[in-house]
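Undergrad: Convert by adding 127 to the 1-based position in the sequence shown; the result is the number in our numbering.
Okay, handing you the structure first.
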Amino acid sequence: QVQLVESGGGLVQAGGSLRLSCAASGSIYRINDMGWYRQAPGNSRELVSSISSGGSTSYADSVKGRFTISRDGAQNTMYLQMNNLNPEDTAVYYCRARDRWSGSLYWGQGTQVTVSS
128 QVQLVESGGG LVQAGGSLRL SCAASGSIYR INDMGWYRQA PGNSRELVSS
178 ISSGGSTSYA DSVKGRFTIS RDGAQNTMYL QMNNLNPEDT AVYYCRARDR
228 WSGSLYWGQG TQVTVSS
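Have a look at this one:
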């Protein structure tokens, strides 16, 4: 089993920055790719960015050029650097990891990001 804990959310003004962290524990050797999702009130959960075990990254069009995803060398912590935030980025942000053998998904509990105009 893998446990994921997000941190770094908060309230920021439009144009500001936040850095989210996702700390993985447990059977971290089972983790393949990881990603960040977000869910705003009344909306479905959407993929924001993902990163493979080899470091390949992808981004939603809405965050390209503003957000940067990364993983540390031991790959037990993932980050999302969010710059030039706007109110449309307001959501609960979730960390997700994929099991390399079963394909199962592990989720964190989420961290709230609120951007004021």
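Cβ coordinates follow ideal geometry from the N, Cα and C atoms, glycine included.
Could you give the C-beta distance for L232 and V139, rounded to a whole number, given that I count them as a contact under 8 Å?
TA: That pair is no contact at about 28 Å.
Undergrad: Cutting at 8 Å between CB atoms, please list the residues of its own chain near T204, excluding the five before and the five after it.
TA: S148, C149, A150, A151 and R198
Undergrad: Would you mind listing the beta strand (DSSP E) stretches within the segment 173-204 that are 3+ residues and don't spill past its ends, in chain order?
TA: 173-178, 184-186 and 194-198
Undergrad: Let me check one thing: in DSSP terms, what residues is R225 bridge-paired to?
TA: L232
Undergrad: Give me the residue from S229, R227, G230 and R223 with the minimum Cα distance to E173.
TA: Distance from the Cα of E173 is smallest, within the candidate group S229, R227, G230 and R223, for R223.
Undergrad: How big is the Cα-Cα spacing for S179 and R225?
TA: 10 Å
Undergrad: Measuring CA to CA, which of V242, G192, R227 and I158 is closest to Q130?
TA: Out of V242, G192, R227 and I158, I158 has the C-alpha closest to the C-alpha of Q130.
Undergrad: From the DSSP output, read off the bridge partner residues of T217.
TA: None, per the DSSP bridge assignment.
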